[in-house]
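Numbering (the working numbering), first residue to last: 172 to 329.
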Amino acid sequence: MPFIVWHKKRQAESPHFKYWSLTLNFQLTILILVRSLREGNFQLYKEACAALCPWFFALNSTNYARWLPVHIHDMKSLDKKAPSVATEFRKGHFVVQKSHRAFSSIPIDQAHQRNNRIVKGNGRTIGSTENSCQLLRWMVCGPEISHLINEFKCSEEL
172 MPFIVWHKKR QAESPHFKYW SLTLNFQLTI LILVRSLREG NFQLYKEACA
222 ALCPWFFALN STNYARWLPV HIHDMKSLDK KAPSVATEFR KGHFVVQKSH
272 RAFSSIPIDQ AHQRNNRIVK GNGRTIGSTE NSCQLLRWMV CGPEISHLIN
322 EFKCSEEL
């Protein structure tokens, strides 16, 4: 009996098997999304988002269920609306490459959060959002400070 036939038969016979099969499918889809981000593969990213979309509806994740279809539509229409952006995204420039190692790209928002964590350190910038002048200084200088801290840490390792 071919595997696909056996798999469908087991799902029909056993709710427990069907549950674990669905769980495995969901987890593999999430891993495909992670792979697309780590490799900077924009086509795979779009496909993984489209595959995850029904799961957000099924799992009652209202915000993702509402906005992921909009995001998918925007990403698919980039070729017509912003061809230069689409070209750069296909080159992998929709993620941040933190090192020269393969499979090490991360989403831009995650890179931003890491930089914030480095700059904040032990509570150095807590409360800076309440003072507009201080916030502006942090927004301008924060990425450069993060870069300098990373360079210093790399020089220590040598």
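Yeah, the Cβ is synthetic: ideal placement off N, Cα and C, and Gly gets one too.
Residue from the options with nearest C-alpha to residue i
i, options, result
"Ile316", "His242, Asn287, Asn302", "Asn287"
"Phe274", "Val205, Arg261, Arg181, His187", "Val205"
"Thr200", "Thr233, Ala222, Val256, Ser185", "Ala222"
"Leu195", "His178, Glu184, Arg209, Leu208", "His178"
"Phe227", "Ile320, Phe197, Gln281", "Phe197"
"Asp280", "Arg272, Ser270, His271, Val266", "Val266"
"Cys325", "Ser270, Ala183, Leu193", "Ser270"
Secondary structure of residue i, DSSP reduced to three states
i, result
"Ser185", "coil"
"Ser276", "strand"
Under 8 angstroms between C-beta atoms of residue i and residue j
i, j, result
"Cys224", "Ile203", "no"
"Phe174", "Arg181", "no"
"Ser276", "Gln268", "yes"
"Lys217", "Lys247", "yes"
"Pro278", "Leu208", "yes"
"Cys220", "Leu239", "yes"
Checklist entry - For the 8 angstroms Cβ check, are there 3 or more pairs between the stretch 206-217 and the stretch 252-271? => result yes
Item to check | Every unbroken beta strand (DSSP E) within the stretch 217-247, with a cutoff of 3 residues, ordered by chain | outcome: none
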